[in-house]
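A.B. asks: This is the structure I want to talk about, given as structure tokens.
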Amino acid sequence: MNSPFTRRQLLQRTACGFGALALHDIASAASNPLAARISGMVPKAKRVIFLFMGGGPSQMDLFDPKPFIEGKHGQKIDSPLRKEVTQIGTDQFLALKAMAPVRPRGQSGMMISDLMPHLASVADDICLLRGMNADNPQHAGATLQFHTGTFAEVRPSMGAWVSYGLGSENANLPSFVSIQGGGVREYGSAFLPAIHQGTKLTVPLDGKALPVENLRNVSPTDAIQRQRMDFMTRMNRRLVTDLGGDANMEGMIQNMELAARMQLTTPEIVDLSKESQATLDLYGVGGKDTNTFGRACLLARKLSEAGVRFVQVSTGGWDHHGDIRGNLPKLCAQTDQPVAALLKDLKSRGLLQDTLVLWSGEFGRTPWSQDLSGKSPIDKHGREHQPESFCAWMAGGGVRAGLTYGDTDDMGYRVLNGKVHIHDLHATMLHLLGIDHTKLTARHLGRDFRLTDVYGEVVTDILA
Amino acid sequence: MLCLASHAADPVFFESKVLPILQQRCFECHSHGTKIKGGLALDSRSGWEQGGDNGSAIKPGQPEASLLIKAVRYTDADLEMPPKGRLPTSEIAILEEWVQKGAHDPRTSGASKPRKGIDLNAGRQFWAFQPVRDPAPPTVKNADWPADPLDHFILAKLEEKSILPVTDADRHTWLRRVSLDLTGLPPTPAEIQAFARDNSPQAYETVADRLLTSRSYGERWARHWLDLTGYADMMGTSNGVYAEHAWRYRDYLIAAFNADKPFDQFVREQIAGDLLPATSTEDRAENIVATGFLMVGDIEIVNPDKAKMETDHIDTQMIKIGQAFMGMTLGCARCHDHKFDPIGLEDYYGIAGMLRSSPSSHKMPDMGVWSTINSTVLPETPAQLAARKTLESETEQRIAAMKTKQKKLTEERASVMAQLAALGKATAPVAQIAAATDNAEREVAPPTKTAPTADKDALTKRRDALDADLKKLAGDINHAEFFKDKTPRAFAMSDGPQPSDMPVYVRGNPYAPSNVVPRGVLRVASWDRLPAIPTGQSGRLQLADWLADKRNPLTARVTVNRIWQKLFGTGLVPTVDYFGARGDLPTNPDLLDHLATRFMRDGWSQKAFLRTLVLSRTYRLSSANPKSAFPDPQSKDPENKLFWRMNRQRLDAEALRDSMFAISGELIRDSGGPALVMENPENCASLSLKGVNPPNYAHKVPRPSQEFERTIYLPVFRNNFAGPDRLRSVFDFINPAMIAGDRPQTVVPTQSLFLLNNDLPRKRASALAAKLIADEPDELARLEVLWLRALSRPITSTERAEAAALLKAVTPPGKPTGSAAWTELCHSLLASNEFVFRL
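Here it is, written out as structure tokens:
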């Protein structure tokens with residue numbers, strides 16, 4: 122060890138809420154797993170809030186209107202797809218017009234649908250990416266690619282990479298939190314130390330539910346729990362002494378105390394009831410459609426403010442294979458107000474300038490219609506998955522506000538310019554956080570891995 | 009036009025018009041000064057002539073046949089350049105014109121790019137590809153210390169560095185250690201006492217033999233093997249598609265370990281069991297089930313592009329075979345020659361051709377874009393067949409009974425509806441009459457005003473109840489019919505109709521086939537040519553024989569290293585899954601080869617090998633650091649790479665959970681069979697083979713016994729680990745999409761919160777307290793038993809005093825200590841480091 126600190130001092134100094142030391146780190150005990158690893162460029166953003174719209178929101182209904190398709194509504198259009206690809210309910214390739222008008226908004230004239238009036242009101246704060254591009258046409262694979270950069274192998278999620286690269290900003294909370302997240306791989310750490318794995322929180326819909334598991338004391342009273350812990354700690358300390366020291370057991374002893382502290386502090390940090398009525402109203406907390414996602418977004422802001430490096434808020438339901446006309450407005454009603462509220466709230470608190478907000482689905486949807494039943498009128502059709510092109514947006518932390526970047530062809534299928542592959546998006550996100558994506562690596566099975574694998578280029582055009 | 013033509017062939021046209029476009033638009037990714045993406049360089053004529061992965065980029069005079077022109081035109085979604093956006097039309101026109109007129113290009117600069125082949129002879133010099141040696145045990149100064157030849161190798165290294173091994177662990181510690189390592193369960197008080205009383209020289213052997221012949225041994229070691237397979241009870245990761253036959257492979261493993269199936273045979277069965285001769289019906293079935301090894305991983309079954317999907321499946325299998333048996337990362341060679349190890353595209357596609365000749369999935373005919381994993385009908389003995397027929401006829405009877413009931417309820421519903429309709433007609437006039445009577449002349453007294461309402465309420469209630477019953481019944485009937493065929497099946501490999509060699513897929517892309525390579529194995533690890541693959545066969549049998557051959561330099565080394573790592577905490581090659589150039593070198597190469605040789609010489613017996621290891625002196629060492637040792641081993645070998653003491657290990661999720669249930673007396677010992685509770689219709693949805701999405705499973709209602717079964721029998725899901733087995737994900741259970749021989753062991757506060765407050769340890773503590781109180785009325789004696797049960801050792805006097813103090817402190821004054829107090833004490837032991845770690 123060439124550090125002046127003992128492991129215990131380190132644990133005390135760094136013992137971040139979810140602070141931990143991977144057993145594999147023993148040799149390099151001096152390295153704090155949550156200390157910043159990469160200090161290269163000057164960061165524009167210190168933290169990220171990632172709003173994941175699972176299912177694949179329809180980009181041309183929301184952000185990228187296509188007069189060509191509008192004009193051909195209900196008529197057959199030429200399919201650009203390869204013949205080998207299995208298609209279900211889309212063999213007709215009927216043009217399907219937008220579900221609501223998409224109009225210019227704000228000073229910038231950014232195109233946003235009438236279905237998202239709240240987002241439209243903050244158009245000048247966001248940077249719209251219309252040339253997004255991904256590789257996998259199915260939810261599971263595409264979702265993994267968006268979260269981890271790949272869909273073939275198990276890889277760390279982007280929040281885990283950011284935690285690994287930048288460490289934690291707070292002492293009582295994890296550095297990476299996933300709210301309402303899906304499968305574990307969406308917030309997993311794979312071969313990175315487990316401390317970088319996202320902690321999954323559920324949105325507390327009432328005052329009783331706790332967002333973190335096992336926070337409630339199971340002994341009859343806190344005093345009894347304390348007795349039980351003290352007894353155990355005496356045994357644990359004696360054992361470590363008998364063994365002549367053991368870093369992991371020391372870690373367990375520290376963590377047991379930390380767990381007791383978290384029992385007291387964490388519920389308070391995530392308690393939404395202390396927020397003002399104005400704030401609750403802003404997010405739509407208590408609203409019929411907006412209650413759940415409003416709470417999720419407000420929780421995201423609170424965690425972000427408290428220093429959580431990467432907050433991921435996931436919601437689903439955008440997978441509109443059928444009756445997109447009926448269903449898309451519902452999803453917009455659930456999320457539009459909370460999302461816009463998050464941007465407004467962050468801005469008014471002065472947090473937006475160094476918080477990067479990212480909104481995206483795993484892919485977009487086709488310009489032609491899909492009819493799984495084969496019998497519905499075109500008004501009841503939906504749209505199939507489309508990774509070839511889709512829309513995402515970023516806001517805050519160093520991106521050019523009000524910019525619309527990228528164009529697709531007349532059909533809204535192929536990106537003509539401003540193509541941003543998921544690898545590019547990841548590279549750009551890391552760049553904004555002050556990290557060179559080619560330098561953030563971890564060794565696994567003899568190879569250095571990156572979030573961006575061997576790809577990715579920073580999209581400099583969208584930097585402020 | 010003529011004028012233009014002369015321009016295009018003109019060097020000036022190239023220099024002034026074409027070259028700037030290439031420089032500005034293409035060189036960033038396609039020149040020797042920067043990158044050569046896709047193998048294509050555009051900074052010399054030979055660069056585009058030779059072309060990249062897709063072949064020559066320009067065919068002079070033929071713009072329509074030139075990939076470069078195709079790419080810049082943006083007409084093919086798979087080939088669009090530059091990737092960031094289409095060139096202005098004017099620039100595309102210049103390039104088209106240039107190619108049309110012969111692609112004049114005077115440039116000769118730029119390095120030519122010879123394909124860097126694999127140097128097999130150089131590769132074979134690497135230690136892992138050298139034949140396994142049989143080194144003689146070295147002589148040691150302290151000749152009394154070794155208990156087994158392997159100890160000579162350990163001690164010689166230590167003596168070289170003047171490190172003294174620590175003293176032996178006490179007998180209680182050794183017994184707990186060996187019990188947890190071999191069976192995943194702590195010793196019982198009776199076993200502890202028996203060992204304490206056994207003064208014979210064979211006392212240790214007796215224990216090892218007892219543990220190795222217990223059923224628990226297979227249940228523990230099969231789980232280690234499952235970590236190398238990506239095992240889960242679901243297909244892929246999407247939509248909760250159940251893998252209803254996966255459990256057969258798990259049960260096969262448990263039986264194989266318990267029967268001590270020779271490892272070479274174990275390898276053969278898992279790669280090519282379906283192609284092996286069998287001695288009986290059961291044997292044949294077993295061989296088929298064994299190939300589940302290649303089928304149980306995270307194999308994605310939904311992708312509209314089936315060629316891509318098949319290629320991905322093969323890759324999953326390649327990675328698994330490479331990692332589990334060879335300690336090699338074969339996946340790298342799917343797209344290019346391995347960057348660090350002597351494994352080429354030819355090696356990858358040689359093995360991949362065998363797997364492609366044995367397809368592992370097929371598309372569901374009427375089900376959207378979904379495929380399913382292939383399964384094979386298992387042969388049945390006459391007794392098994394008879395039992396199945398009985399079961400099927402019982403199901404038929406059950407369905408018939410449900411249908412009868414359905415008919416009856418449907419009729420009743422019709423009658424209820426008729427009565428309701430009649431009532432509806434009757435009540436309307438009643439209301440009118442009632443209204444009319446208020447206005448005077450009471451011609452007819454209305455019948456009791458309340459009766460129709462009451463009838464209506466009762467009938468409505470009955471109708472709703474019937475609707476609910478009928479709905480459930482329809483679901484139950486559908487469920488029973490969907491699963492009425494009880495033919496035993498297993499996810500298994502079988503050779504396809506036309507086994508053949510396959511082409512190299514350029515960069516792994518099935519739409520870019522290149523030269524066909526003969527099926528074969530890793531050349532660098534081969535001692536001879538692979539025997540010819542008989543026509544009509546996949547070649548998996550030859551692959552299996554090659555893997556299981558004593559001359560294979562990798563299989564035995566990789567395997568003994570894995571087993572060593574499980575017992576000693578670190579492998580002799582610490583990177584247990586990777587023996588390549590960038591992996592760790594063996595810390596004791598002679599010992600590794602000594603063990604590999606012995607393993608093979610003893611008939612590849614894992615039990616014999618484990619017995620050797622646990623009876624060694626090295627295994628018997630204490631895990632404590634020396635109090636005052638000179639010379640201090642910690643300064644000479646701080647990571648204990650040379651094994652001067654035993655490594656402490658945190659219990660893995662299975663051992664932790666199973667131990668808690670064993671100690672509380674709640675563990676169920678005779679499990680097996682399906683992990684998914686498919687028999688409960690509530691857990692199944694979309695039970696139809698005609699939908700857009702496949703039938704699926706959600707673990708809503710577990711089988712009651714599952715709370716108390718050993719962890720290996722619990723279902724494994726890839727999308728979440730929710731449910732009563734939450735402990736697994738908190739304590740580093742393997743991500744079931746991954747394959748890894750060495751799980752990460754973390755120390756995170758969520759684990760402390762779990763131990764402190766979760767129901768699972770709490771309920772075990774409470775059951776343990778109840779059991780202790782029932783079994784042992786005397787409090788002092790009870791403490792002795794508790795310590796033996798939970799920590800496998802006698803209680804100390806200090807602990808006795810502290811425990812008594814705790815019991816008193818958590819009991820209200822004046823009350824006797826009861827189960828509540830004992831629960832607190834038991835809980836604190838189950839959450840203590842001594843319980844959570846094995847020393």
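Protein sequence lines, in the order shown, are assigned to chains A and B. First residue of the first sequence? That's 122 in this note's numbering, and the numbers climb one at a time after it. First residue of the second sequence? That's 9 in this note's numbering, and the numbers climb one at a time after it. Note that beta-carbon positions come from the ideal geometry of N, C-alpha and C, so glycine has one too.
#1: Between B:D272, B:D465, B:D750, which has its C-alpha nearest A552 (chain B)'s C-alpha?
#2: For T831 (chain B), I'd like the list of residues in its chain whose CB is within less than 6 Å of its CB, leaving aside the five on either flank, ordered along the chain.
#3: Which chain A residues are close to Q759 (chain B), counting only those with a beta carbon under 8 Å from its beta carbon?
#4: From this set, B:E213, B:A498, B:H232, which residue's C-alpha is nearest A616 (chain B)'s C-alpha?
#5: Is H260 (chain A) close to chain B? Criterion is C-beta to C-beta, closer than 8 Å.
#6: In angstroms, rounded to a whole number, what distance separates the CA positions of I781 (chain B) and V793 (chain B)?
#7: If R497 (chain B) sits next to L386 (chain B), beta carbons under 8 Å apart, how far is it from one beta carbon to the other, in whole angstroms?
#8: Could you name the residues of chain B that E509 (chain A) contacts, counting a contact when the two beta carbons are closer than 9 Å?
#9: Spell out whether any CB of chain A is found under 8 Å from the CB atom of A315 (chain B).
#10: Short of 8 Å in beta carbon distance, which residues of its chain neighbour Y239 (chain B), apart from the five on each side in sequence? Order them along the chain.
#11: Applying the criterion that 16 or more other CB atoms from any shown protein chain within 10 Å of the CB defines a buried residue, is P209 (chain B) buried or exposed?
#12: Considering just the uninterrupted stretch of the alpha helix (DSSP H) at F651 (chain B), what are its terminal residues?
#13: Helix, strand or coil for F570 (chain A), going by three-state DSSP, please let me know.
#14: Taking C-beta to C-beta, are P566 (chain B) and F333 (chain B) nearer than 8 Å?
#15: Of all the options B:I262, B:K316, B:E690, B:A556, which has the alpha carbon lying nearest to the alpha carbon of A482 (chain B)?
#16: So L240 (chain A) packs on D457 (chain A), CB below 8 Å; how close in whole Å?
#17: Do the CB positions of I322 (chain B) and T380 (chain B) come within less than 8 Å of each other?
#18: Have a look at B:T806, B:N704, B:N688 and flag the residue whose alpha-carbon is nearest the alpha-carbon of R359 (chain A).
#19: Of all Cβ atoms in chain B, is any one closer than 8 Å to the Cβ of Q606 (chain A)?
#20: Determine the contact status of R184 (chain B) and S800 (chain B), defining contact as a CB-CB distance below 8 Å.
#21: I'd like to check one pair, D235 (chain B) with I747 (chain B): are the Cβ atoms closer than 8 Å?
#22: Taking just the CA atoms, how far does L722 (chain B) sit from V709 (chain B)?
#23: Considering only residues of the same chain and omitting the five flanking positions on each side of S365 (chain B), which have a CB-CB separation below 7 Å?
#24: Using 8 Å as the threshold, is the C-beta distance between H38 (chain B) and L27 (chain B) below it?
#25: Could you give the DSSP three-state label for N701 (chain B): helix, strand or coil?
#26: Nearest to N62 (chain B) by CA position, among B:L815, B:A130, B:D86, is which residue?
#27: Can you find the residues in the same chain that come closer than 7 Å, C-beta to C-beta, to I742 (chain B), ignoring five residues on each side of it along the sequence?
#28: Confirm, please, whether the CB-CB distance from A632 (chain B) to D363 (chain A) is below 8 Å.
#29: Using only CA atoms, which one of A:I170, A:P238, A:G177 lies nearest to A454 (chain A)?
#30: Please go through the same chain and pick out, in chain order, the residues whose beta-carbon is closer than 6 Å to the beta-carbon of I209 (chain A), but skip the five residues on each side of it.
#31: Do you know offhand how far L761 (chain B)'s Cα is from P164 (chain A)'s?
#32: Using a cut-off of 8 Å between C-beta atoms, extract the partners of F189 (chain A) located in chain B.
#33: Can you give me the Cβ contacts of T181 (chain B) inside the same chain, cut-off strictly under 6 Å, excluding the 5 residues immediately before and after it?
#34: Taking R470 (chain A) as the reference, which of A:R430, A:G443, A:R422, A:P488 has the closest Cα?
#35: Taking 8 Å as the threshold (C-beta atoms), are H552 (chain A) and H558 (chain A) in contact?
#36: Can you list, in chain order, the residues of its chain with a C-beta nearer than 6 Å to that of G517 (chain A)? Leave out the 5 residues immediately preceding and following it.
C.D. replies: Reading it off the structure:
#1: B:D272
#2: Apart from sequence neighbours up to five positions away, the residues of its chain that approach T831 (chain B) with a beta-carbon distance below 6 Å are A773, S774, A777, ordered along the chain.
#3: Against chain A, a Cβ distance below 8 Å from Q759 (chain B) picks out M373, N376.
#4: Nearest C-alpha to A616 (chain B): B:E213.
#5: Under the Cβ criterion of 8 Å, H260 (chain A) is counted among the residues facing chain B.
#6: 11 Å
#7: With a Cβ gap of about 6 Å, R497 (chain B) and L386 (chain B) count as contacting.
#8: A85
#9: yes
#10: If we look at Y239 (chain B) and ignore the five residues flanking it on each side, its Cβ neighbours are A254, Y257, R258, V304, G305, V724, P744.
#11: exposed
#12: Here F651 (chain B) belongs to no alpha helix (DSSP H), and DSSP marks it neither H nor E.
#13: strand
#14: Correcting the residue type first, residue 566 (chain B) is Val in the shown sequence and not Pro. Result yes, Cβ atoms of V566 (chain B) and F333 (chain B) sit closer than 8 Å.
#15: Taking the Cα of A482 (chain B) as reference, the smallest distance to any Cα among B:I262, B:K316, B:E690, B:A556 is reached at B:E690.
#16: With 8 Å as the limit, L240 (chain A) and D457 (chain A) qualify as a contact, their Cβ atoms being about 6 Å apart.
#17: no
#18: B:T806
#19: In the structure displayed, chain A extends from 122 to 585; residue 606 (chain A) sits before or after that span and is not available.
#20: yes
#21: yes
#22: 13 Å
#23: D503, G504, P507, S508, S546, G547
#24: no
#25: coil
#26: B:D86
#27: D235, A748, R751
#28: The beta carbons of D363 (chain A) and A632 (chain B) sit closer together than 8 Å.
#29: A:P238
#30: none
#31: One C-alpha to the other measures close to 35 Å.
#32: Within chain B, no residue has its beta carbon less than 8 Å from that of F189 (chain A); the closest one is some 16 Å off.
#33: L847
#34: Selected option, being the one with the closest Cα: A:R422.
#35: yes
#36: L473, T476, L477, V478
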